[in-house]
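Here's the structure we're looking at; comments come further down.
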Amino acid sequence: MNRVLTLAAYNVRMLLSLRTWFILAWALFGLQIAIYGSLMSKLVSTAVPNYLFYYAIGLMVIVVFDSGAEVGRHFVEHAHEGELPYFLSLPVSRGGFLAAQAIYGVVNTMIKVLPPLIGVLWFVGDLTVQGAVFAMISMFLLGLGITGIMVSMSFIAFKSVDIYSAFLAGLSALIVRFSTVFYPLIFMPSFFSPISVFSPLTYGADLTRWVLGFDPNFLLNPILAAAVVTGVAVGTLSLSARIVDKVIEGVKAA
Amino acid sequence: MAVLISLSLSDMLVVGLVYTRLIPASKAIGSSYFQFLVPGIVVVGLFSAATDTGRRIWLALREGVVQYYLTLPIRTRGLVGAYIISGGLGGIVYSGALLVIAYLSFMLFGAPIPVQGILYAITLIPFLFVLSTGIAGLAAFFASVSRRGEIYWVYAQALQVSMVTISTVFYPAQTIAQYLPAPVATIAEYNPLSLAAGVLRNSAFGGNALETGALANLLATSLPLAVIGALAYWIILRTIRLKGKP
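Protein sequence lines correspond, in order, to chains V and P.
To convert, note that position 109 of the first sequence is 160 in the numbering used here; the numbers rise steadily by one, no gaps.
To convert, note that position 195 of the second sequence is 411 in the numbering used here; the numbers rise steadily by one, no gaps.
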């Protein structure tokens with residue numbers, strides 16, 4: 052366990068050295084809320100009351116998604132820059148290696164999401180400890196699920212990084228746009244809504260909004276959302292553990 | 217290219233259609249939000265393709281390919297011009313493809329397309345080319361001043377989010393002026409992306425005659441960006457030629 056934590060601490064230290072990135076990410080989040088969020092909320096105010104809050108949570112879910120995707124990319128970069136064989140030579144099990152990656156992902160997500168979450172809740176006058184904690188748990192589970200999906204897909208990158216990048220960009224576009232990240236399911240055309248129920252972001256975004264007290268008429272059933280988010284996290288992490296265990300050997304540096 | 221097209225396509229056909237159900241028609245928006253948003257998506261597409269020039273310059277500087285370029289029998293000015301022009305052409309090719317898709321999606325959803333609008337769109341190509349070189353110049357500037365590590369991506373992301381957010385791509389100028397401070401509204405009004413989106417909405421999709429004032433503003437805001445970018449890239453190439461490193 053100590054070895055896993057040591058490996059995770061190394062990754063986290065590397066992460067904390069990227070302070071410019073975090074400051075930029077928070078600043079851009081603020082800019083998007085202050086301009087895009089506030090203006091769009093004026094335009095859609097008749098259809099969705101308090102759209103600014105709806106959008107802010109959606110934007111946080113995007114940050115969680117990007118953070119999860121970054122863990123996948125981080126893993127793939129390790130493989131292609133030749134660092135993976137070194138990590139595999141360390142006295143840490145494959146499961147431990149994956150757990151260290153997951154801890155890195157969780158810390159990355161927390162650093163990126165927690166300050167914006169507290170800022171938004173304070174701005175809308177809804178800042179409570181239990182609200183912030185449950186919202187973080189919801190987004191943490193979603194982040195684990197996204198990390199699991201991205202690491203599971205990394206076997207594509209072991210064949211071709213270009214195909215992996217293109218595949219992820221396309222997948223991201225579909226997962227985000229066909230989800231309820233920016234608009235409630237009830238407003239989606241009938242030919243889109245069946246697709247959106249396959250996006251994990253739909254459940255993660257609606258669950259987070261529900262724990263923060265958004266009008267449930269615009270959201271999915273919270274029990275269903277919690278079950279799906281938990282199921283995706285557990286399922287994809289188990290899948291990624293199996294895939295990593297099988298394909299990790301023999302990965303060539305770029 | 218396929219990924220960029222799929223992103224823009226999903227912005228038009230998914231985001232555009234859903235927001236059309238949320239945002240009512242108005243004098244500022246026009247007859248539907250879909251018709252308001254689609255020209256803006258074409259401009260965002262042009263922006264994405266043009267900024268790829270910055271990525272290529274950054275990669276060339278980082279991986280030392282630029283040293284090879286400097287051994288070629290071409291002047292530094294020629295290298296700079298080639299990069300800026302390639303950014304312009306990339307933007308035109310990509311936004312041209314998006315314009316065709318936009319017209320097809322208008323037909324699919326029964327939105328009117330004035331015949332003269334297509335002629336105006338063709339007339340606008342040189343102006344969009346200049347806009348694209350301006351954006352490529354801006355990206356080239358940031359790539360040239362990115363001395364350490366991955367800092368270019370910090371600049372690129374900040375450039376994209378600020379230019380697209382503070383523009384009239386997603387919301388009308390009247391809404392910005394009504395709810396945000398006057399300096400922000402002025403920046404949005406003179407943002408080259410806003411000017412291009414406005415011209416496309418009015419003429420290429422609205423069928424109204426091209427406004428010379430708007431076209432002049434588009435040139436006046438784009439050309440200096442192209443010049444600044446070209447100058448920054450030229451300085452860095454000259455420094456590498458003289459000192460062997462940036």
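A virtual CB, placed ideally from N, CA and C, is assigned to each residue, including glycine.
Between P:L426 and P:T339, the CB-CB gap stays under 8 Å.
For the options P:S264, P:A298, P:F250, the alpha carbon positioned closest to that of P:V230 is the one of P:F250.
Apart from the 5 residues on each side of it in sequence, P:A404 sits with its Cβ closer than 7 Å to the Cβ of I382, S383, T384, A389, I392, S410 in its chain, given in chain order.
With contacts defined by Cβ atoms closer than 8 Å, V:F218 and V:I207 form a contacting pair.
Under the three-state reduction of DSSP, P:G246 is assigned to strand. Interface flag for V:M201 against chain P is unset, since no Cβ pair is found closer than 8 Å. Taking the beta carbon of P:Q373 as reference, the chain V residues within 8 Å of it are L75, L79, listed in sequence order. Distance check between P:I301 and each of P:I239, P:G445, P:G460 places P:G445 closest, using alpha-carbon atoms only. Against chain V, the CB of P:Y395 has a partner CB under 8 Å away; the residue lies at that interface. Distance from the Cα of V:V164 is smallest, within the candidate group V:G147, V:S244, V:M190, for V:M190. Excluding the 5 residues flanking it on each side, P:S248 has same chain C-beta neighbours closer than 8 Å at T236, A241, A327, in chain order. The criterion of a C-beta distance shorter than 8 Å is not satisfied by V:L82 and P:V234. Listed in chain order, the positions of the stretch 254-273 of chain P with a beta carbon within less than 8 Å of a beta carbon of chain V would be empty, since no residue qualifies. The Cβ-Cβ distance between V:T160 and V:G194 falls below 8 Å. Bounds of any alpha helix (DSSP H) do not take in P:V231, whose DSSP letter is neither H nor E.
Counted as a single uninterrupted DSSP element, the alpha helix (DSSP H) harbouring P:P399 occupies residues 398-406.
Here P:P255 is not near P:L431, since their CB atoms are 8 Å or more apart. Membership of V:M239 in any alpha helix (DSSP H) is not indicated, and neither H nor E is assigned to it by DSSP. Counting only residues of its own chain and dropping the five nearest sequence neighbours on each side, V:Y106 has a CB closer than 6 Å to the CB of G88.
Going by DSSP, P:L431 is part of the alpha helix (DSSP H) stretching over 428-459.
Neighbours of V:W72 in chain P, taken as residues whose beta carbon is under 7 Å from its own, are V370 in chain order.
DSSP, read as helix, strand or coil, puts V:D266 in coil. Between V:L236 and the set V:L225, V:L270, V:Y215, V:S223, the nearest pair of CA atoms involves V:L270.
The Cβ of V:P240 sits closer than 8 Å to at least one Cβ of chain P. Taking a cut-off of 8 Å on C-beta distances, the stretch 257-265 of chain P touches the stretch 304-319 of chain P, as three or more cross pairs fall below it.
In the structure shown, P:V385 adopts coil according to DSSP, grouped into three states. Inter-residue distance for P:V281 and P:L458 is about 16 Å (C-alpha atoms, whole angstroms).
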